[in-house]
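Comments concern the structure below.
Protein chains in written order, with our numbering: chain A, 1 to 502; chain B, 1 to 502.
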């Protein structure tokens, strides 16, 4: 008998159920690699899909998908009635690609040592911390900025996506208005007027690819190099990174239990041109700016030509009390640029945020710059989102999230009271997706974070949000993304860490 | 009998089948508007869906979808057995939203007249032309940059999208690596090595939100304010806009039938720090840079620390001759930044392009800056695209497009030969999606464009691409997006225009 009778099994295929790559792809890659490196040879008969499914523990459908791919690419031949075989000849082109790949793997073009990046942004880039997108196999407490993916309405979102793709026509494949899909701007305007007290209409709303891009546009249009800007300390790191990148000089403003200390800022930095502020819910320690402070800030802005960037990043997530209307809604002189996002209430990978600009002239300047930055935000996500809001799913989802997050917050507060009140001081934030806790006594923070990490806990330190003096050390405890059972276990594990270091 | 017996029909509902809004939405809006403005009154009985379908000429399913929406939002009540009625009470909140909308429509916050945009980019913004995204109801010949939407594989794309959304899990909802989805970077690396002779691996590929963003990152990292850069004249307007925005000084380089005149550039602007170049297919007039010129350019770049930005925007669309390997593939000193995009070969609304950086240090700097600009490119489109390439659809689509575009190009060339050879000179471009034609004798260009517009023709002028002297006037004739019959009619109509002005 020839080669085709070789009895083979596939012990070399490693399936990792926790890996990010789909199972069919792992299987496909495993078999393909085996063919290319000679473990499987031309004309070898492959085991039946059923057997492979048993051997690797994946469903037979998955095996079939992997096989179809291998057949399509010419690695495997299916001979009717007698099963699947490694192809007698592997496609020459593929072999070449593989050879090239081997040859070029990690190989870099030798670089002229005198060659340096010379752009204007190179020097400043060294001084800013780029946003670190947390990429993890699983979400770990007490990671922040992590919505409750476990209750996200996948089914609805997929259904709307399918409809959008089914009715996609040539108009939606071409370039759109750089300001974004108009119907989306209309539903956002409705939402903001009713729920956030924002003064707006669709014509002044600019769709952007996330809050980060909104901040870039603000920096480009509102900040000249050397301009000073007010920045909460601790405050939103990514905002500071952007404003610094574009040449702004940050002025650290302390944070009280009511948010940014406006009086301090006015006293110390009267010449600032811009203020970055999160009045609904100070980022990261919480606190809501009271009406009197808002009016004082607006009056100062009016009289001193101060731009106010209101980042209303998670204002939809308020669990008690009336939602606080936006700062923008109180503005009578067009000094507020309002930014909102869907990353927090839906999911971060959805790169859709929006800005409300005070008038058409400013809107047009922002729109031109948006076009220069990336022409437009990806369209299909905008179409899906429009339907998601229009058909009522968005508000339903918000209501549901509020209920779930509030329960998770209460659970966290109870557990903290029971297990960590000796070590941490905290107050009920009534809003948002995380809680800020300060250490009651000095701790070896590096050691604490390491101990926590060993127990599978992510403990974002307030140090990372601070750029002036780190005089109120503490940590953030994200709760929104974690079921209550997980929160309970995590708090108890954290309590063990604290006892170990004290 | 009460109000509910009022016999109503819906003559006020206007359905426009050519409008961009879905039919169900038009119907929904029509009925909602009628309720809000009092044409339909509380408790009015609505006609049966079947009757509305007949009256408006849309399918009954569409009517049902519109009704479901109205019921969900509380405008319509469905009473089992007796049909649908206008709600006795319209939801107060909705009414309020509508009132607010009426009140605030177009209203802007009064602006302090002394208030000016003060950012660094405001002055330069006045000197650059922002990309104009052409938004049209239908595509008109001879618009450029318009792929053949009529043969785009919607069904496949939708199927892949549905699968991506079905298997979306929490890992794909969170933040990803700022450099992009790794499996996509892998398939792009394979594609570029095999088809474009690019030296690369996935670790040096950065996914960006369109070529525009790639250019922004280049400007930010490679160009200091005041730096001179080589720019084809005529050349790609959006590249010039970005480099100018970030303070670069453009040096116009004439274009020969073989692309950028490298010798001219070296002679006239030896101190330039950066060159924007489209060597595979000069944008917009065509022409391919010969090997000798490529080597001369690379040697100059190596010896004079010149960055080369290679925009390989439509190199996959070559109809005759061997595809020309990229400039980057010949580079031995890491002076080339390679940019490619899916906008041209798939569709512009897909905001996915990629850069190949020469080494890890430069890659990391670009990645940090990408994160600062918008954290990451929208993920779901990346997932769909990965499958589209991996499963062979991309290459199949490319093959198909090449055949179709070549036929359309031949048709255009034949028609031009027959009808316009007295007026226009042109050569077979052998590649791309449009053809550049120069006027044989001076024409009143403004009048020509107006006459063409009157006949429903879009005639992009070379003037728009020119920034030095406009000494070889002409127009671009996009053909990729138009069936041959449309091309034939358009050429004949254009011939009439030429005869009218000569």
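Note that beta-carbon positions come from the ideal geometry of N, C-alpha and C, so glycine has one too.
_7 Å Cβ cut-off: residues of chain A touching residue 362 of chain B_ = In the second chain, residue 362 of chain B corresponds to position 362, counting from 1. Correct list: 117.
*Using DSSP bridges, identify the partner residues of residue 481 of chain A.*
Start at 1 with the first residue of the first chain, and residue 481 of chain A comes out as number 481. According to DSSP, residue 481 of chain A bridges with nothing at all.
*asked:* Counting beta carbon pairs with one atom in the stretch 260-274 of chain B and one in the stretch 213-232 of chain B, are three or more of them shorter than 8 Å?
replied: The stretch 213-232 of chain B vs the stretch 260-274 of chain B: in contact.
*Residues near residue 172 of chain B in its chain [Cβ-Cβ closer than 8 Å; skip 5 each side]*: Locating residue 172 of chain B in the second chain gives position 172, counting from the first residue. Excluding positions up to five away in sequence, the list reads 379, 380 and 383.
_Other residues of its chain near residue 224 of chain B: CB distance less than 8 Å, five sequence neighbours each side excluded_ = Numbered from its first residue, the second chain carries residue 224 of chain B at position 224. Residues of the same chain with a CB within less than 8 Å of the CB of residue 224 of chain B, apart from the 5 flanking positions on each side, are 247 and 273 in chain order.
*asked:* Using CA atoms only, rank isn't needed, just tell me which of A:156, A:447 and A:311 is closest to residue 354 of chain A.
replied: What you label residue 354 of chain A is simply residue 354 of the first chain in a count that begins at 1. Nearest C-alpha to residue 354 of chain A: A:311.
*Return the residue from the list B:161, B:245, B:58 and B:189 that minimises the CA-CA distance to residue 119 of chain B.*
For this step, residue 119 of chain B is matched to residue 119 along the second chain. Out of B:161, B:245, B:58 and B:189, B:245 has the C-alpha closest to the C-alpha of residue 119 of chain B.
*In angstroms, rounded to a whole number, what distance separates the CA positions of residue 416 of chain A and residue 278 of chain A?*
Translated into positions along the first chain, residue 416 of chain A becomes position 416. Translated into positions along the first chain, residue 278 of chain A becomes position 278. One Cα belongs to residue 416 of chain A, the other to residue 278 of chain A, and the distance between them is close to 26 Å.
_Any beta carbon from chain A within less than 9 Å of residue 590 of chain B's own beta carbon?_
The question about residue 590 of chain B has no answer here: the residues shown for chain B are numbered 1 through 502.
*Could you give the distance in angstroms between the alpha-carbon of residue 340 of chain B and the alpha-carbon of residue 309 of chain B?*
Start at 1 with the first residue of the second chain, and residue 340 of chain B comes out as number 340. Start at 1 with the first residue of the second chain, and residue 309 of chain B comes out as number 309. CA-to-CA, the gap between residue 340 of chain B and residue 309 of chain B works out to about 11 Å.
*Please confirm if residue 278 of chain B has its CB atom under 9 Å from at least one CB of chain A.*
The residue given as residue 278 of chain B occupies position 278 in the second chain. Judged by the 9 Å Cβ criterion, residue 278 of chain B is not in contact with chain A.
*Measure the alpha-carbon distance for residue 17 of chain B versus residue 236 of chain A and round it to whole angstroms.*
As a position in the second chain, residue 17 of chain B is number 17, starting the count at 1. As a position in the first chain, residue 236 of chain A is number 236, starting the count at 1. Straight-line Cα distance between these residues: approximately 47 Å.
*Using the rule of at least 16 other Cβ atoms within 10 Å of the residue's Cβ for burial, across every protein chain shown, is residue 442 of chain B buried or exposed?*
For the purposes of this step, residue 442 of chain B is taken as the residue at position 442 of the second chain. By the neighbour-count definition (other C-beta atoms within 10 Å, threshold 16), residue 442 of chain B is an exposed residue.
*Can you find a C-beta in chain B that's less than 9 Å from the C-beta of residue 434 of chain A?*
The sequence position of residue 434 of chain A within the first chain is 434, counting from 1. By this cut-off, residue 434 of chain A is not an interface position.
*asked:* Going by C-alpha to C-alpha distance, which of A:423, A:467 and A:393 sits closest to residue 250 of chain A?
replied: The count along the first chain starts at 1 and reaches residue 250 of chain A at position 250. It is A:467.
*Could you name the residues of the same chain whose beta carbon sits closer than 6 Å to that of residue 222 of chain B, not counting the 5 residues immediately before and after it, in chain order?*
Stepping through the second chain from its first residue, residue 222 of chain B is reached at position 222. Closer than 6 Å at the Cβ level, and outside the excluded window around residue 222 of chain B, lie 274 and 307.
*Thinking C-alpha only, which one of A:163, A:36, A:493 and A:347 is nearest residue 456 of chain A?*
Residue numbering aside, residue 456 of chain A sits at position 456 when the first chain is read from its first letter. Nearest option by C-alpha distance: A:493.
*Please report the residue range of the beta strand (DSSP E) in which residue 254 of chain A lies.*
Working through the first chain from its first residue, we reach residue 254 of chain A at position 254. Residues 249-256.
*Where the alpha helix (DSSP H) containing residue 446 of chain A begins and where it ends*: Within the first chain, residue 446 of chain A is the residue found at index 446, counting from 1. In the DSSP assignment, residue 446 of chain A falls within the alpha helix (DSSP H) that extends over 445-454.
*residue 157 of chain B touches chain A at which residues, Cβ-Cβ below 9 Å?*
Taking the second chain and counting its residues from 1, the one referred to as residue 157 of chain B is at position 157. Neighbourhood of residue 157 of chain B in chain A, by CB distance below 9 Å: 165 and 168, in chain order.
_Identity of the residues DSSP links to residue 340 of chain B by a beta bridge_ = For this step, residue 340 of chain B is matched to residue 340 along the second chain. In DSSP, residue 340 of chain B forms a bridge with B:354.
*Going along chain A, which residues have a C-beta under 9 Å from residue 60 of chain B?*
The count along the second chain starts at 1 and reaches residue 60 of chain B at position 60. Below the 9 Å Cβ cutoff, chain A contributes no neighbours of residue 60 of chain B, its closest Cβ being approximately 17 Å away.
*Which class does residue 15 of chain B belong to by DSSP, given the choice of helix, strand or coil?*
Sequence index remark: in the second chain, residue 15 of chain B carries index 15 (1-based). Coil, per DSSP.
_Here's the rule I'm using: 16 or more other beta-carbon atoms within 10 Å means buried, otherwise exposed. How should residue 392 of chain A be labelled?_
Position 392 of the first chain, counted from the start, is the residue given in the question as residue 392 of chain A. Result: exposed.
_Can you look up residue 510 of chain A in the DSSP assignment and give me helix, strand or coil?_
Because chain A in this structure spans residues 1 to 502, residue 510 of chain A falls outside the shown range and cannot be described.
*Which bits of chain B does residue 304 of chain A rub up against, with CB to CB less than 7 Å?*
As a position in the first chain, residue 304 of chain A is number 304, starting the count at 1. Using a Cβ-Cβ cut-off of 7 Å, residue 304 of chain A is close to nothing in chain B; its nearest Cβ partner there is about 11 Å away.
*Give the residues of chain B in contact with residue 210 of chain A, contact being defined as C-beta atoms less than 7 Å apart.*
On the first chain, residue 210 of chain A is found 210 positions in, with the first residue counted as 1. Within chain B, the residues placing a beta-carbon under 7 Å from that of residue 210 of chain A are 374 and 375, ordered along the chain.
*Is the shortest distance between the beta-carbon of residue 397 of chain A and the beta-carbons of chain B less than 9 Å?*
Taking the first chain and counting its residues from 1, one reaches residue 397 of chain A at position 397. Judged by the 9 Å Cβ criterion, residue 397 of chain A is not in contact with chain B.
*With a 10 Å radius around its C-beta and 16 neighbouring C-beta atoms as the bar for buried, classify residue 167 of chain B as buried or exposed.*
Within the second chain, the letter at position 167 stands for residue 167 of chain B. So residue 167 of chain B counts as exposed.
*Chain-ordered chain B contacts of residue 125 of chain A [CB-CB under 7 Å]*: In the first chain, the residue the question calls residue 125 of chain A occupies position 125. Among the residues of chain B, those whose CB is under 7 Å from the CB of residue 125 of chain A are 365, 368 and 369, following chain order.
*Could you check the C-alpha separation between residue 386 of chain A and residue 366 of chain A for me, to the nearest Å?*
Taking the first residue of the first chain as 1, we reach residue 386 of chain A at position 386. Taking the first residue of the first chain as 1, we reach residue 366 of chain A at position 366. So the two alpha carbons sit approximately 22 Å from each other.
*asked:* Counting C-beta neighbours from all protein chains within 10 Å, is the total for residue 418 of chain A 16 or more, i.e. buried, or is it exposed?
replied: Position 418 of the first chain holds residue 418 of chain A. Label assigned to residue 418 of chain A: exposed.
*What does a CB cutoff of less than 6 Å around residue 476 of chain B pick up in its chain, not counting 5 residues either side in sequence?*
Taking the first residue of the second chain as position 1, residue 476 of chain B is located at position 476. Cβ-Cβ distances below 6 Å link residue 476 of chain B to 144, 284, 434, 436 and 460 in the same chain, with the five nearest sequence neighbours on each side left out; the list follows chain order.
*Using a C-beta cutoff of 9 Å, does residue 501 of chain A count as contacting chain B?*
Residue numbering aside, residue 501 of chain A sits at position 501 when the first chain is read from its first letter. No, its Cβ sits nowhere closer than 9 Å to a Cβ of chain B.
*So with Cβ pairs under 9 Å, would you call residue 311 of chain A a contact of chain B?*
As a position in the first chain, residue 311 of chain A is number 311, starting the count at 1. Using a Cβ-Cβ cut-off of 9 Å, residue 311 of chain A does not count as an interface residue toward chain B, since no Cβ of chain B sits closer than that to its own.
*Specify the secondary structure class of residue 280 of chain A as computed by DSSP and reduced to three states.*
Counting from one through the first chain, the residue named residue 280 of chain A turns up at place 280. In this structure, residue 280 of chain A counts as coil in the three-state DSSP scheme.
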